[in-house]
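Asker: Next up is a structure, given as structure tokens.
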Amino acid sequence: MRKKHGLGVEEEENEINLTPMLDVVFIMLIFFIVTATFIKEAGIQVERPDTVTADTQDDASILIAISASDEIWIDRKKRDPRAVRSVIAQLHAENPKGSIVIQADEESTHETLVIVMEAAKGAGVTNVAIASDDG
Amino acid sequence: MSRHHLDDIHFDEEENEINLTPMLDVVFIMLIFFIVTASFIKEAGIDVNRPDAPVTESKPEDANILIMISANDEIFIDRRLIDPRAVRANIERLHAENPKGSVVIQADMKSSNKMLVEVMDSSRSAGVYSISIADRGN
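This is the structure:
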């Protein structure tokens, strides 16, 4: 029973306790799975206007892109302006806390923006933002 | 070499340990994936509807700062043509004269959104965050 103190390093098998680590890892995993919401990409790239006062949109979930030629793209498909409202209503139902971000191209007209904003209002979504290039 | 027929039914009572290494690999990969995608896309944008600002349908009576954007992306304040770079200074001046007024932008349907966003940005730089976009039909 006499163990050598000091210089005698005992070569015990130091096994990591796997059970508590697995517990922690699974809890974290489940947490992130539950809180992750997937953002639906609009489908096209646009040239956003430059700003200096933009805020980061933390809860953006619906992205609507308006191209330079006033095409409305939601969820990777080009949409008819009259169908926008029902599409927004549908996407909003999937994630009620998400906000809408409208990525309007610099050259797009005000008319299309108004159509999209009116559709959003009609679908009951008030949290709307316009995307810009910050800095 | 002669095995009993019964040997086939006899189950080996071995310890069946779950292989932890591959399972840990899978679990960690999934975890890292969700951590990364959970805080990934942050859109930078200008709020059209700020949650703390009251959502008003009709414009209040006190003198608002009215900015008009024509179809050619020209900016008119008080019916005078204003250079886009001077918009901020004008809004600051008008806001100083009337601190309760909010900015109302009346943009032509054919105007570009670039000008609209620029005007909104200038207004926010000038310190006025209460911006409305005028409705055509009223």
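From first to last, the protein sequence lines are chains A and B.
For the first sequence, the working numbering assigns the number 1427 to the initial residue and increments by one for each residue that follows.
For the second sequence, the working numbering assigns the number 39 to the initial residue and increments by one for each residue that follows.
Yeah, the Cβ is synthetic: ideal placement off N, Cα and C, and Gly gets one too.
1. Does DSSP put residue 1549 of chain A in a helix, a strand or coil?
2. Taking C-alpha atoms, which residue in A:1499, A:1553 and A:1470 lies nearest to residue 1523 of chain A?
3. Roughly how far, in whole angstroms, is the beta-carbon of residue 1531 of chain A from the beta-carbon of residue 1492 of chain A, given that I think they are within contact range, below 8 Å?
4. Output needed for residue 1546 of chain A: all residues of its chain with C-beta closer than 6 Å, excluding positions within five of it in sequence on either side, in chain order.
5. Consider the Cβ of residue 106 of chain B: report whether some Cβ of chain A lies at a distance smaller than 9 Å.
6. Count the C-beta pairs between the stretch 1501–1516 of chain A and the stretch 125–145 of chain B that are closer than 8 Å, then say yes if the count reaches three, no if not.
7. Taking any Cβ of chain A, which residues in the stretch 157–171 of chain B have a Cβ under 7 Å from it, in chain order?
8. 9 Å is my cut-off, CB to CB: does residue 1517 of chain A come that close to chain B?
9. Residue 167 of chain B to residue 1464 of chain A, Cα distance in whole Å?
10. Quick one: which unbroken alpha helix (DSSP H) runs of 4-plus residues sit fully inside the stretch 1493–1521 of chain A? Chain order, please.
11. Considering Cα atoms alone, identify which of B:73, B:108, B:133 and B:134 is closest to residue 122 of chain B.
12. In whole angstroms, what is the alpha-carbon distance linking residue 1517 of chain A and residue 1501 of chain A?
13. Can you list the residues of chain B that residue 1421 of chain A reaches, using a CB-CB cut of under 9 Å?
14. Could you spell out where the beta strand (DSSP E) holding residue 1557 of chain A opens and where it closes?
15. Going straight from the alpha carbon of residue 151 of chain B to that of residue 1505 of chain A, what length do you get?
16. For the 8 Å Cβ check, are there 3 or more pairs between the stretch 1533–1552 of chain A and the stretch 52–72 of chain B?
Answerer: Looking at the atomic coordinates:
1. Looking up residue 1549 of chain A in the first sequence gives position 123. Residue 1549 of chain A: coil per DSSP, three-state reduction.
2. Taking the first sequence and counting its residues from 1, the one referred to as residue 1523 of chain A is at position 97. The option with the nearest alpha carbon to residue 1523 of chain A is A:1553.
3. Residue numbering aside, residue 1531 of chain A sits at position 105 when the first sequence is read from its first letter. Residue numbering aside, residue 1492 of chain A sits at position 66 when the first sequence is read from its first letter. Right, the Cβ-Cβ distance comes to about 6 Å (below 8 Å), so this counts as a contact.
4. Against the first sequence, residue 1546 of chain A aligns to sequence position 120. Same-chain partners within the cutoff: 1514, 1526 and 1554.
5. Here residue 106 of chain B is taken as the residue at index 68 of the second sequence, counted from 1. Not an interface residue.
6. no
7. 159, 162 and 163
8. Reading the first sequence from its first residue, position 91 is the one you call residue 1517 of chain A. It does not; no Cβ of chain B falls within 9 Å.
9. By 1-based counting over the second sequence, the position of residue 167 of chain B is 129. By 1-based counting over the first sequence, the position of residue 1464 of chain A is 38. Roughly 30 Å between the two C-alpha positions.
10. 1510–1520
11. As a position in the second sequence, residue 122 of chain B is number 84, starting the count at 1. Ranked by Cα distance from residue 122 of chain B, the first of B:73, B:108, B:133 and B:134 is B:108.
12. Here residue 1517 of chain A is taken as the residue at index 91 of the first sequence, counted from 1. Here residue 1501 of chain A is taken as the residue at index 75 of the first sequence, counted from 1. Computed Cα separation, rounded: 9 Å.
13. The question about residue 1421 of chain A has no answer here: the residues shown for chain A are numbered 1427 through 1561.
14. Along the first sequence, read from residue 1 onward, the residue named residue 1557 of chain A stands at position 131. Run containing residue 1557 of chain A: 1554–1557, per the beta strand (DSSP E) assignment.
15. Your numbering for residue 151 of chain B matches position 113 in the second sequence. Your numbering for residue 1505 of chain A matches position 79 in the first sequence. In a straight line, the C-alpha of residue 151 of chain B is about 19 Å away from that of residue 1505 of chain A.
16. no
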